[in-house]
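There are 2 protein chains.
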Amino acid sequence: MSMRSRSVVTIADVARACGVGTMTVSRVINGKKHVSEAMVRRVEEAIARLNYQPNEAARTLKGRTSRTLGLIVPSLSDPFFSQCAHAVQQVAAEQGYMTMLFACEASHSVEAEELSQMRSRNIAGILIVPSSENSMEQLKELRRSGMPVVMMDRTIAGIDAGEVMVENLEGSFRATNHLIDHGHRRILCVGYDREYNSIGQRMDGYRKAMQTAGLQPQYLLVKRGVPVGPRVVAALRAVKPPTAIFSLNNVTSVAVLSALKREKIRIPEQVAMVGFDDFELASLLAVPLTAVRQPAAELGRQATRMLIDSLRSGSGNQQMSARIVLPTELILRQSCGCEPLAQITPLD
Amino acid sequence: MSMRSRSVVTIADVARACGVGTMTVSRVINGKKHVSEAMVRRVEEAIARLNYQPNEAARTLKGRTSRTLGLIVPSLSDPFFSQCAHAVQQVAAEQGYMTMLFACEASHSVEAEELSQMRSRNIAGILIVPSSENSMEQLKELRRSGMPVVMMDRTIAGIDAGEVMVENLEGSFRATNHLIDHGHRRILCVGYDREYNSIGQRMDGYRKAMQTAGLQPQYLLVKRGVPVGPRVVAALRAVKPPTAIFSLNNVTSVAVLSALKREKIRIPEQVAMVGFDDFELASLLAVPLTAVRQPAAELGRQATRMLIDSLRSGSGNQQMSARIVLPTELILRQSCGCEPLAQITPLD
DNA sequence: CTGAAAGCGCTTACAG
DNA sequence: CTGAAAGCGCTTACAG
């Protein structure tokens, strides 16, 4: 690796420059008391002059844990997760923590690899949007060894970790009721998978609303990777077609919207639509989408605070039973059948 | 920090379990030769049984540089950057590197802090979408101390670093020409800032096209943070209003689109539009946006490869003059005035 | 093919 | 208030 001379300045150099022991320099760096004012100034001057930067690896090696948080999200291309990640990073930075961010692509082998990387890098704590039951064992073991963990957006049962969720059931319930209020009786619930409890809760909210109204729930669920668009179109061409669609997440909403556009099926005249998960451009679409807005940034913020709190209280080995559930909000636009000017709420 | 017992298993434990020296275990881990097959098996079995994970901090401390790449982007909420970041992470992971991802929020103080964090964490190399001239000094110093650096999307002069850019000038030239071909003579170039060379190149492409056609360039540039929407609307209400708009990036495009919608100004009838930077929902908008597509993922991929190459060749202390420029593509939709069915190209 | 020793840069008790 | 010594977990020469 050639003769890298990077970060040549060590604590010993600073100590030498001041004619003191390394201990004294260390104390100054770490803001410890028991150092005379004059000495503090002398050392700080030398640190500045030599442009000394403590070597984090060495600190970590002693302290056993670095001031770094690990964050695992399924993907960075989903704006929901990127907003969330963004918030995590901000709060962490404010509190003096760095964030190592990983996208696992919803693959459990990638997720597993990342978790093991985190362990070997002495991460202080983990924030995760869990993607796979398969990583559960690893997460459990991490918890057992005292690593604080907070799950966000969705959770996996049987893991003693902090949880920050969103009111999935309530949001879906309200969204579905809104469609029912518009007079719809055959409402199709469309989504990509039921493997996460967040999605499960959304389905429950939909079902509850339908049953409360004496209506028959109807589902169109496909495996991840299978295009929903064509299936939805087919469903709309059946004998007694649904007159409205409730979509379980933004990826599905976009897919459905694309398919409807391709087939020139008009919204809300031929089929009304409400989606779970709002996004920036929802109000600029051909038909502005009525959607359940989730507080993505707030989710990240709260989760980060929870994790840092448990780090500070040193409760790594204790139970991490904290649980926060954040409210969702139904943003009315036109895809549900509301009047164009009823309420134009751009995201942001 | 209570009695954390994390990662108790060390190389010494494994060595003891096998009745060998730590050196032998180290050799097995690092895939070194000079170890007997039988020994390799014995050690690997012990590693698996004890669930041993090498401590990265200790390795780093010895090797002076960790197998971690630092990535700084202005923001994660801009899909262009998040796609880019995503690609970086994938390529890095394939090559056995982790990525530390930071969003600097286009603030040079944040950027500076992140750069200094990277140094103290023995990052192997840096990938950066530079946000501020102010961090230039720091970047230069990092280079001087042998840290490989690759700038992507935009570059700052005077820094000896690898560069991966996009054909900004060519893309803008083609986009502007397309509007001219539609018969427009008064085309307004709208954007948020000219502080980056990428934006400068786009403006140059626009100007070149205008001048070549014997037309007068017209600019509407506002400082970051100042809303462009109202200004554009005002410009459209002037005496000889522009009949077309060329927007310099996606943030601006969305802002303009919102303003036009709010004012019920029809596209492309009242004003045509082409934007630099394509995005997923561009084809589902009320008026599908004609846009210059940049290869975001490819940008990240190439930059990462360039960085890792220079890491491998140990050329940290040498010149890093590699430079790659990737092509852009004009995606025709309807906002420019093309026929609805001319070419419907959804992103992805 | 295998191992004992030294040291990476820092901090943690322990003395003065 | 200040410092010398030991050690965190690993790898790098150097021997055998």
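Line by line, the protein sequences are chains S and W. Letter 88 of the first sequence, counting from 1, is numbered 88 in our numbering, and no numbers are missing. Letter 4 of the second sequence, counting from 1, is numbered 4 in our numbering, and no numbers are missing. We put the beta carbon where it would ideally sit given N, CA and C, even for glycine.
In this structure Asp78/W is buried. Its beta-carbon is surrounded by 16 or more other beta-carbon atoms within 10 angstroms. Residues of the region 25 to 58 of chain W with a C-beta atom less than 7 Å from some C-beta of chain S are Gln53, Pro54, Asn55, Glu56, Ala57 and Ala58, listed in chain order.
Note on geometry: alpha-carbon atoms of Ala93/S and Ile123/S lie some 15 Å from one another. In the DSSP assignment, Tyr219/S forms a beta bridge with Cys189/S.
The bridge partners DSSP lists for Arg293/W are Glu329/W.
Straight through space, the alpha carbons of Val28/W and Asn249/S are spaced by roughly 47 Å. Rounded to whole angstroms, the gap between the alpha carbons of Gln201/W and Arg194/W is 9 Å. According to DSSP, Val164/W shares a beta bridge with Met152/W and Ile324/W. The residues Ile11 and Ile29, in chain order, have a CB closer than 8 Å to that of Pro54/W in the same chain once the five nearest residues on each side in sequence are set aside.
Secondary structure of Val20/S (DSSP, three-state): coil.
If you look at Leu260/S, you'll find it in the alpha helix (DSSP H) that goes Asn250 to Arg262. Secondary structure of Ile199/W (DSSP, three-state): helix.
Near chain S, meaning a CB-to-CB distance below 8 Å, the residues of the region 70 to 86 of chain W are Ser75, Leu76, Ser77, Pro79, Ser82, Gln83, Ala85 and His86. At the C-beta level, His108/W and Ser131/W come within 8 Å of one another. Take Ala259/W, set aside five residues on each side of it, and the residues of its chain with a beta-carbon closer than 7 Å to its own are Gly229, Pro230, Val232 and Val233, in chain order. The secondary-structure analysis by DSSP pairs Phe246/W across a beta bridge with Cys189/W and Val274/W.
Contact between the region 172 to 179 of chain W and the region 200 to 219 of chain W is present: three or more C-beta pairs spanning the two stretches fall below 8 Å. Classified as buried, Thr176/W has 16 or more neighbouring CB atoms from the shown chains inside 10 Å of its CB. From the beta-carbon of Asn134/W, no residue of chain S is found nearer than 8 Å; the closest lies around 17 Å away.
DSSP places Val73/W in the strand class (E or B) of the three-state scheme.
The way I'd put it, the region 271 to 284 of chain S does touch the region 325 to 342 of chain S; three or more beta-carbon pairs between them come closer than 8 Å.
For Ile47/S, the uninterrupted alpha helix (DSSP H) segment begins and ends at Glu37 to Leu50. The C-alpha of Gly125/W is placed about 36 Å away from the C-alpha of Val190/W.
The CB of Lys261/S comes closer than 7 Å to the CB of Leu284 in chain W, given here in chain order. Excluding residues up to 5 positions away in sequence, Thr68, Leu69, Gly70, Leu71, Met118, Arg121 and Ile123 lie with their Cβ nearer than 8 Å to the Cβ of Met100/W in the same chain. Ranked by Cα distance from Phe276/W, the options Leu115/W, Pro295/W, Thr65/W and Met147/W are led by Pro295/W. In the DSSP annotation of this structure, the continuous segment of the beta strand (DSSP E) that includes Gly125/S starts and ends at Gly125 to Ile128.
Rounded to whole angstroms, the separation of the alpha carbons of Ala87/S and Met98/S is 13 Å. DSSP places Met136/W in the uninterrupted alpha helix (DSSP H) bounded by Met136 to Arg144. In the DSSP assignment, Ala93/W falls within the alpha helix (DSSP H) that extends over Pro79 to Glu94.
Looking at the backbone, the Cα of Gln138/S and that of Met210/S are separated by about 39 Å. Rounded to the nearest angstrom, the Cβ distance from Val129/W to Val73/W is 5 Å, consistent with a contact under 8 Å.
For Pro340/W, same chain residues with a beta-carbon under 7 Å away, outside a window of 5 residues either side, are Gln334 in chain order.
When C-alpha distances from Gly19/W are compared across Gln89/W, Val40/W, Glu298/W and Met320/W, the shortest belongs to Val40/W. Residues of chain S with a Cβ closer than 9 Å to the Cβ of Val254/W are, in chain order, Glu280, Leu281 and Leu284.
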